[in-house]
Amino acid sequence: MENKIIQSASGQPSIEMFGITIMEPMVTFTDLWITAVCVYALFKLIRLNKKGKVHQYMRWYFGIMALATFLGGILGHAFQYAVGLEWKLPGWLISMLAVMAIERASIMHARPVINEKFGKFLEIANVVELLTFAVITFSTLNFFFIQVHSAYGLGLVVLPLHFLVYWRTRNEGSRIFFLTVIFATLAAFFYTSEIGLHTWFNHLDVAHTVMAISMYCFYRGARKLEVLKPENIREEKSTLSDTMREAIAGLKKTKGVNRFNLNNLHPALKIST
């Protein structure tokens, strides 16, 4: 029993604190790091209090993801030896609800620039794919299907819809969203390739760190999501390559603005937003 506690699938040793064994301590910590970012984003967006279903779904996304990663860290890693593999399911299944929420936020946001029937189809497909992958995951206890569900939701729904919105309207929130999804693919890369920096900062820790950064970027994007109006839609359509170059150029410009603010504001005025 002792060996089972000390060893883990990721190879990260356990530690003891106050006589309590904690399995995969750094993996647990980086999972809770994501939780902390999500809680921060949730409370900031609640205080911002933007109206509409898009913002409601984004608040749900951060709240649900906070719960999922908390349970994932505690039951799926820290105390997995005590509760068993099946207790990974709560975190996994709840995270699928979070992906569903960000999908629906993206669909609602893109409704003015997509066909009405296609929008309704996406809403129905959103529910069907959630139920399908939930049943498969519950039956197999295989995290692979969580990855497939996330890849489908983010890569085939969130990314193309926000790219389309940015292409047609140059909405700043959508620019941040689709670039963040591209960045977030690094988490899947590190997870599947099992490339880590050290035993105490393994591939799971790197993947979780990428996810935490992505969550913060999604939060920054959510702040910029505005209700699209007919006058926001551009008549002249740029090429996809020009749109991508403009999006990346906007990222560099944003960094420049941030450096300007940090270097020029009086310390007493440097208030986090």
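Note that my numbering gives residue 72 to position 72 of the sequence shown, counting from 1, and the numbers run on in steps of one.
Yeah, the Cβ is synthetic: ideal placement off N, Cα and C, and Gly gets one too.
{"Check": "Thinking just about the alpha-carbon of each residue, which of ALA110, VAL37, ALA105 is nearest to the one in PRO230?", "Outcome": "ALA110"}
{"Check": "Can you give, in chain order, each stretch of the alpha helix (DSSP H) that sits fully within the segment 202-232 and has at least 4 residues?", "Outcome": "203-224"}
{"Check": "Between the segment 68-88 and the segment 114-132, can you find at least three pairs of beta-carbon atoms closer than 8 Å?", "Outcome": "no"}
{"Check": "From the DSSP output, in three-state form, read off MET23 for me.", "Outcome": "coil"}
{"Check": "Going by CA-CA distance only, name the one from ALA66, LEU164, ALA187, GLU16 that's closest to SER150.", "Outcome": "ALA187"}
{"Check": "DSSP beta-bridge partners for ILE15?", "Outcome": "ILE22"}
{"Check": "Under a Cβ-count criterion, where at least 16 other Cβ atoms within 10 Å of its own Cβ denotes burial, should ALA249 be classed as buried or exposed?", "Outcome": "exposed"}
{"Check": "Spatial neighbours of HIS203 within its chain, please: CB distance less than 8 Å, with the 5 preceding and 5 following residues excluded, ordered by chain position.", "Outcome": "SER10, PHE190, TYR191, SER193, GLU194, ILE195, GLY196"}
{"Check": "Go to ALA188, then tell me how far its alpha helix (DSSP H) extends in each direction, as first and last residue.", "Outcome": "172-193"}
{"Check": "Could you tell me if the beta carbon of GLU86 falls within a distance shorter than 8 Å of some heavy atom in the ligand SAM?", "Outcome": "For the ligand SAM, the structure offers nothing, since it holds no ligand at all."}
{"Check": "Who are the near neighbours of LEU97 in its chain, counting only those whose CB is closer than 7 Å to its CB and skipping five residues on each side?", "Outcome": "ILE64"}
{"Check": "Given that a residue counts as buried once 16 or more other Cβ atoms are within 10 Å of its Cβ, and exposed if not, what is GLY84?", "Outcome": "exposed"}
{"Check": "Identify which residue in VAL135, GLU246, SER214, LEU130 has its Cα closest to the Cα of ARG168.", "Outcome": "GLU246"}
{"Check": "Since I believe MET17 is in contact with TYR81 (beta carbons under 8 Å), could you give me their beta-carbon distance rounded to a whole number of angstroms?", "Outcome": "Contact doesn't hold; Cβ gap of about 15 Å is too wide."}
{"Check": "For my contact list, SER95 and ILE146 are in at a C-beta cut-off of 8 Å; report their separation, rounded to the angstrom.", "Outcome": "7 Å"}
{"Check": "Could you check whether the segment 174-183 touches the segment 216-229, counting it as contact only if at least three pairs of C-beta atoms, one from each stretch, sit closer than 8 Å?", "Outcome": "yes"}
{"Check": "Look at the alpha carbon of LEU164 and the alpha carbon of PHE143, and state the distance between them as a whole number of angstroms.", "Outcome": "30 Å"}
{"Check": "If we count the other Cβ atoms within 10 Å of its Cβ and call it buried at 16 or more, is ILE20 buried or exposed?", "Outcome": "exposed"}
{"Check": "Do you know whose CA, among LYS120, GLU172, TYR57, lies nearest VAL99's CA?", "Outcome": "TYR57"}
{"Check": "Expressed to the nearest angstrom, what Euclidean distance is found between the alpha-carbon atoms of GLY119 and SER106?", "Outcome": "10 Å"}
{"Check": "Is PRO13 close to chain B? Criterion is C-beta to C-beta, closer than 9 Å.", "Outcome": "Absent here is chain B; the protein component of the structure consists of one chain."}
{"Check": "Pull up the distance between the alpha-carbon of GLU129 and that of SER139, whole angstroms please.", "Outcome": "15 Å"}
{"Check": "Around the Cβ of ASN49, are there at least 16 other Cβ atoms within 10 angstroms (buried) or fewer (exposed)?", "Outcome": "exposed"}
{"Check": "Hey, how far is the Cα of VAL37 from the Cα of TYR216?", "Outcome": "6 Å"}
{"Check": "Can you say whether LEU131 is buried or exposed, counting buried as having 16 or more other CB atoms within 10 angstroms of its CB?", "Outcome": "exposed"}
{"Check": "With a 10 Å radius around its C-beta and 16 neighbouring C-beta atoms as the bar for buried, classify THR239 as buried or exposed.", "Outcome": "exposed"}
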